[in-house]
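J.:
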Amino acid sequence: MGTAKAIRDGYGEALLELGRDDRNVVVLDADLAESTRSSVFRDAYPDRFFNAGIAEQNMINMAVGLALSGKTVFASSFAIFATGRCWEQLRNSVAATRANVKVVASHGGLTVGPDGLSHQCVEDISLMRTIPHFAVIVPCDWLEAKKAVLAAARMKGPVYIRTARPKTAQVTAEETPFAIGKSVRLRPGDDVTIIACGVMVEAALEAAGDLASGGIAAGVIDMHTIKPLDAQAVMAAAIVSRSRSSPMAWALVDLTVSATTARPPVDSARPTMTRHENRSGDSKCWPMPMVAPMNQKTSASSISSLHVVRL
Amino acid sequence: MRETERAAARRLNDSFVRELEERARGIRAEVVRMIARAGSGHPGGSLSIVDILTALYFARLNHRPKDPRWAGRDRMILSKGHAAPALYAILGECGYFPKSEFLKLRRFGAMLQGHPDATRVPGVETSTGSLGQGLSVGVGMALAGRLDRRDYRVYVCLGDGELEEGEVWEAAMAAAHYRLDRLCAIVDFNGLQIDGRIQDTLNPEPIPAKWKAFGWDVCEIDGHDFRQIIRALDWAAGPKGKPSAIVARTVKGKGVSFMEAQVNWHGVAPCADEARRALAELGES
Numbered sequence: 005m006g007t008a009k010a011i012r013d014g015y016g017e018a019l020l021e022l023g024r025d026d027r028n029v030v031v032l033d034a035d036l037a038e039s040t041r042s043s044v045f046r047d048a049y050p051d052r053f054f055n056a057g058i059a060e061q062n063m064i065n066m067a068v069g070l071a072l073s074g075k076t077v078f079a080s081s082f083a084i085f086a087t088g089r090c091w092e093q094l095r096n097s098v099a100a101t102r103a104n105v106k107v108v109a110s111h112g113g114l115t116v117g118p119d120g121l122s123h124q125c126v127e128d129i130s131l132m133r134t135i136p137h138f139a140v141i142v143p144c145d146w147l148e149a150k151k152a153v154l155a156a157a158r159m160k161g162p163v164y165i166r167t168a169r170p171k172t173a174q175v176t177a178e179e180t181p182f183a184i185g186k187s188v189r190l191r192p193g194d195d196v197t198i199i200a201c202g203v204m205v206e207a208a209l210e211a212a213g214d215l216a217s218g219g220i221a222a223g224v225i226d227m228h229t230i231k232p233l234d235a236q237a238v239m240a241a242a243i244v245s246r247s248r249s250s251p252m253a254w255a256l257v258d259l260t261v262s263a264t265t266a267r268p269p270v271d272s273a274r275p276t277m278t279r280h281e282n283r284s285g286d287s288k289c290w291p292m293p294m295v296a297p298m299n300q301k302t303s304a305s306s307i308s309s310l311h312v313v314r315l
Numbered sequence: 002m003r004e005t006e007r008a009a010a011r012r013l014n015d016s017f018v019r020e021l022e023e024r025a026r027g028i029r030a031e032v033v034r035m036i037a038r039a040g041s042g043h044p045g046g047s048l049s050i051v052d053i054l055t056a057l058y059f060a061r062l063n064h065r066p067k068d069p070r071w072a073g074r075d076r077m078i079l080s081k082g083h084a085a086p087a088l089y090a091i092l093g094e095c096g097y098f099p100k101s102e103f104l105k106l107r108r109f110g111a112m113l114q115g116h117p118d119a120t121r122v123p124g125v126e127t128s129t130g131s132l133g134q135g136l137s138v139g140v141g142m143a144l145a146g147r148l149d150r151r152d153y154r155v156y157v158c159l160g161d162g163e164l165e166e167g168e169v170w171e172a173a174m175a176a177a178h179y180r181l182d183r184l185c186a187i188v189d190f191n192g193l194q195i196d197g198r199i200q201d202t203l204n205p206e207p208i209p210a211k212w213k214a215f216g217w218d219v220c221e222i223d224g225h226d227f228r229q230i231i232r233a234l235d236w237a238a239g240p241k242g243k244p245s246a247i248v249a250r251t252v253k254g255k256g257v258s259f260m261e262a263q264v265n266w267h268g269v270a271p272c273a274d275e276a277r278r279a280l281a282e283l284g285e286s
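In order, the protein sequences belong to chains H and X. So the first sequence is numbered by the working numbering: it starts at 5 and just counts up by one. So the second sequence is numbered by the working numbering: it starts at 2 and just counts up by one.
Structure below.
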């Protein structure tokens, strides 16, 4: 596919289109416009760009005031500041008023590694999932990020989009469909299904390639929307391999189905909370009946954010 | 001519002031009745801001209660959201919603929640209750007004204790930076917060000097004197290239003798007997 490009660049490109097509789009940043790529909009439409300075909480609530006055507002910072520092503003002012505010935060996850603890953010997705009325989107490449931003602008109400700093592979194509809440199957394969989001989709595709050389057909789902989650896709992936399942795996399938249909799991589907050893002998992984063999590279790329279930 | 300016043209004569005082008396009685019925709420800070809100809604605010989303309206944000009963009593009096809603204050699922919910209450511009956020929202609304070339004004009512929140000063900096002269902050300076006197808790004084240092035009008034309040609002409305702050000296619990300047009336509802005594003092049976 296309050349490597940072996910955040998709945000800048989308803003340029939105600024051209819609006078109502306003963009805010908190002194990180170059880093988040909102600078692209700033340079093209300076009258509709406001730098809030190093004052993120005020920025989020300025966004609320603009949105409640009819604007479609994008507000950007790093993930740690946009969500961690401003969680209460996002809950009590953005979500509480259903304001048409799109928070697009770059430097999510560990992709800003060299900057250290203060700038890394592995919590943003969890923090944003807990706030009612927010859609949460984690695009997997620059192109999907661009589509996500355009889709968020068309949608009324609060949206959180996580982007990333490093250049990563383009794993989707122009014609790959994008709809908020509808995942994309990027690779077929029914032995194992890997569900990933963001920069981990590329890692999942690599893992699937490695598994294929070991005779295991691994499918990859790009779960770009974390909320609302594409429950149907998860269930379909689980059920596909059900006929080959062990009893324990059956129980997990039932649990998945229960969870994704928002019903409490039935007793028989409750997993035993004992630790299971995977094949590498690592007893610290969370309970799974079996974990597909993973090479060192995949293990090192924080595989805990993937859901690898060998059914 | 703006409706506000027509109102401003109305002479601030004795009979108009008496009319406002009578309205404020009725609003105070409604606040006491509502909180007593609900069994919880914040009488102290609701009563201290009644005169300021009465002056805004009945003398200066350019608004249409039958068309709460009218794009040209002046915006009023009650950043000190715990004073919601005062705002509710006034919005109901203006006709934004039926007064029967007063009976359900703080009930589960009711329109009138403990703190203002903009998705439920016509006339409430943004949801507040978590202190320190309203001024930032006001900055956003004032910026939107400028982008849309509308001449509406934005008023934000803050508590003095609320000034201890850092976000207020982020917003104050932003408003001055963007020269938002259609934005006016009104500080309900009653000197008390839940835990005691503001100077014993986290002293935000000197309050006028702080706003001035942040680039605002500042005036100080008696927040229970209608002539002073209205003159201050008219002063704030003039074009000056910077936002305006009105620091209004008030008395917490104003109008009910046993609540006045008493910190323990911050967030406690009067019992039936206390409510009767309060209403009698307010001239209601």
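Glycine included, C-beta positions come from ideal geometry on N, C-alpha and C.
Would you kindly check if the distance between the Cβ of V264/X and the Cβ of G197/X is under 8 Å?
T.: Residue numbering aside, residue 197/X sits at position 196 when the second sequence is read from its first letter. Residue numbering aside, residue 264/X sits at position 263 when the second sequence is read from its first letter. Yes, the pair counts as a contact, with Cβ atoms nearer than the cut-off.
J.: Measuring CB atoms only, is the segment 122-139 of chain X touching the segment 76-89 of chain H, in the sense that at least three cross pairs come out at less than 8 Å?
T.: These segments do not touch.
J.: With 7 Å as the C-beta to C-beta threshold (strictly closer), list the residues of the segment 97-117 of chain H near chain X in chain order.
T.: Hits within the stretch, in order: S97, A100, T101, R102.
J.: Per DSSP, what kind of secondary structure is P232/H in: helix, strand or coil?
T.: Here residue 232/H is taken as the residue at index 228 of the first sequence, counted from 1. P232/H falls in the coil class under three-state DSSP.
J.: Taking the alpha-carbon positions, what's the R250/X to F109/X distance?
T.: Residue numbering aside, residue 250/X sits at position 249 when the second sequence is read from its first letter. Residue numbering aside, residue 109/X sits at position 108 when the second sequence is read from its first letter. Whole-angstrom Cα-Cα distance: 35 Å.
J.: Counting along the chain, where does the beta strand (DSSP E) carrying S81/H start and finish?
T.: On the first sequence, residue 81/H is found 77 positions in, with the first residue counted as 1. Per DSSP, S81/H belongs to the beta strand (DSSP E) from 76-82.
J.: Using a Cβ-Cβ cut-off of less than 9 Å, list which residues of the segment 59-90 of chain H approach chain X; keep chain order.
T.: A59, E60, Q61, N62, M63, I64, N65, M66, A67, V68, G69, L70, A71, L72, S73, G74, K75, V77
J.: Using C-beta distances below 7 Å, list every residue in its chain close to R267/H, excluding the 5 sequence neighbours before and after it, in chain order.
T.: By 1-based counting over the first sequence, the position of residue 267/H is 263. Residue placement at R267/H cannot be trusted, given a pLDDT of 41 that sits under 50; the coordinates are not used to answer.
J.: I believe I199/H touches I225/H by the beta-carbon criterion, under 8 Å. Please report the beta-carbon distance rounded to the nearest angstrom.
T.: If you number the first sequence from 1, residue 199/H lands on position 195. If you number the first sequence from 1, residue 225/H lands on position 221. With a Cβ gap of about 5 Å, I199/H and I225/H count as contacting.
J.: Note down, in chain order, all residues in the segment 116-137 of chain X with a beta-carbon under 9 Å from any beta-carbon belonging to chain H.
T.: D118, A119, T120, E126, T127, S128, T129, G130, S131, G133, Q134, G135, L136, S137
J.: From the DSSP output, in three-state form, read off Q194/X for me.
T.: Walking along the second sequence from the start, residue 194/X turns up at place 193. Here Q194/X sits in strand by DSSP.
J.: DSSP has M77/X in a bridge; who is on the other side?
T.: As a working mapping, residue 77/X is identified with position 76 in the second sequence. Beta-bridge pairing links M77/X to Y156/X.
J.: Evaluate K186/H with the Cβ neighbour count: other Cβ atoms within 10 Å of its Cβ, from every protein chain shown; 16 or more gives buried, anything less gives exposed.
T.: Position 182 of the first sequence holds residue 186/H. Looking at its Cβ environment, which holds fewer than 16 other Cβ atoms inside 10 Å, K186/H is exposed.
J.: For E92/H and chain X, any beta-carbon pair shorter than 8 Å?
T.: Position 88 of the first sequence holds residue 92/H. Yes, E92/H counts as interfacial toward chain X.
J.: So the candidates are V155/X, L132/X, A119/X; which of them puts its Cα closest to the Cα of A246/X?
T.: Position 245 of the second sequence, counted from the first residue, corresponds to residue 246/X. Of V155/X, L132/X, A119/X, the smallest CA-CA separation from A246/X is found for V155/X.
J.: Find the residues of chain H that neighbour A214/X, judging by a C-beta separation of less than 9 Å, and give them in chain order.
T.: As a working mapping, residue 214/X is identified with position 213 in the second sequence. Result: empty, since nearest Cβ-Cβ is about 17 Å, beyond 9 Å.
J.: Do A186/X and R34/X have their beta-carbon atoms positioned less than 8 Å apart in this structure?
T.: The residue given as residue 34/X occupies position 33 in the second sequence. The residue given as residue 186/X occupies position 185 in the second sequence. No, the Cβ-Cβ distance between R34/X and A186/X is not below 8 Å.
J.: For chain X, check one thing: does any of its Cβ atoms lie closer than 8 Å to the Cβ of F54/H?
T.: Walking along the first sequence from the start, residue 54/H turns up at place 50. Yes, contact with chain X.
J.: Is V140/X close to chain H? Criterion is C-beta to C-beta, closer than 8 Å.
T.: For the purposes of this step, residue 140/X is taken as residue 139 along the second sequence, with counting starting at 1. Closer than 8 Å to some Cβ of chain H, the Cβ of V140/X qualifies, so yes.
J.: Below 8 Å on the Cβ atoms is my guess for F138/H versus V163/H; work out the distance and round it to an integer in Å.
T.: The residue you call residue 138/H lines up with position 134 of the first sequence. The residue you call residue 163/H lines up with position 159 of the first sequence. Confirmed, about 7 Å.
J.: Using 8 Å as the cut-off, can you tell me whether the segment 124-134 of chain X makes contact with the segment 106-120 of chain H, which would need three or more C-beta pairs spanning the two stretches below that distance?
T.: no
J.: Taking 8 Å as the limit between beta carbons, can you name the residues of its chain near S272/H, skipping five residues before and five after?
T.: The residue labelled residue 272/H in the question sits at position 268 within the first sequence. In this prediction, S272/H has a pLDDT of 39, which is less than 50 and means its spatial position is unreliable; what the coordinates show is noted afterwards. So the qualifying residues of the chain are A255, D258.
J.: Between which residues of its own chain and K26/X is the CB-CB distance below 7 Å, once the five residues before and five after are set aside?
T.: Here residue 26/X refers to the residue found at position 25 when the second sequence is read from its first residue. Sequence check: residue 26/X is Arg here, not Lys. Result list for R26/X: L283, G284, in chain order.
J.: Could you name the residues that DSSP lists as bridge partners for D226/H?
T.: The residue labelled residue 226/H in the question sits at position 222 within the first sequence. D226/H is bridged to V188/H, A200/H.
J.: Using a C-beta to C-beta distance shorter than 8 Å, which residues of chain H count as neighbours of G160/X?
T.: Taking the first residue of the second sequence as position 1, residue 160/X is located at position 159. Within 8 Å Cβ-Cβ: nothing; G160/X doesn't reach chain H, min ~16 Å.
J.: Would you call P232/H buried or exposed, if buried means 16 or more other Cβ atoms sit within 10 Å of its Cβ?
T.: Within the first sequence, numbered from 1, the residue matching residue 232/H stands at position 228. By the neighbour-count rule (16 or more Cβ atoms within 10 Å), P232/H is not buried but exposed.
J.: Is L144/X close to chain B? Criterion is C-beta to C-beta, closer than 8 Å.
T.: In the structure shown, chain B does not exist; the protein chains are H and X.
J.: Locate the beta strand (DSSP E) running through A249/X, then write down its first and last residues.
T.: Start at 1 with the first residue of the second sequence, and residue 249/X comes out as number 248. Residues 245-250.
J.: Quick check on L148/X - is its C-beta less than 8 Å from some C-beta in chain H?
T.: Translated into positions along the second sequence, residue 148/X becomes position 147. Yes, L148/X lies at the interface with chain H (some Cβ there is under 8 Å from its Cβ).
J.: Which residues mark the beginning and the end of the alpha helix (DSSP H) in which S49/X is found?
T.: Here residue 49/X is taken as the residue at index 48 of the second sequence, counted from 1. Per DSSP, S49/X belongs to the alpha helix (DSSP H) from 44-49.
J.: What is the residue span of the alpha helix (DSSP H) that A109/H lies within?
T.: Residue 109/H sits at position 105 when you count from the first residue of the first sequence. Here A109/H belongs to no alpha helix (DSSP H); instead the beta strand (DSSP E) covers 105-110.
J.: My output table needs one value for R107/X: the three-state DSSP class, helix, strand or coil.
T.: Sequence index remark: in the second sequence, residue 107/X carries index 106 (1-based). Coil, per DSSP.
J.: Taking only beta carbons into account, state which residues of the segment 157-183 of chain X come closer than 8 Å to chain H, listed in chain order.
T.: G167, E168, E171, A172, M174, A175, H178, Y179
J.: Look up N204/X in the DSSP assignment and give the residues it is bridged to.
T.: Position 203 of the second sequence, counted from the start, is the residue given in the question as residue 204/X. Paired residues: none, contrary to the question.
J.: Going along the chain, which residues of its own chain have a beta-carbon closer than 6 Å to the beta-carbon of L193/X, five neighbours each way excluded?
T.: Sequence index remark: in the second sequence, residue 193/X carries index 192 (1-based). Result list for L193/X: K253, V264, in chain order.
J.: Using a Cβ-Cβ distance cut-off of 8 Å, determine whether R277/X contacts chain H.
T.: Stepping through the second sequence from its first residue, residue 277/X is reached at position 276. Output row for R277/X: interface = no.
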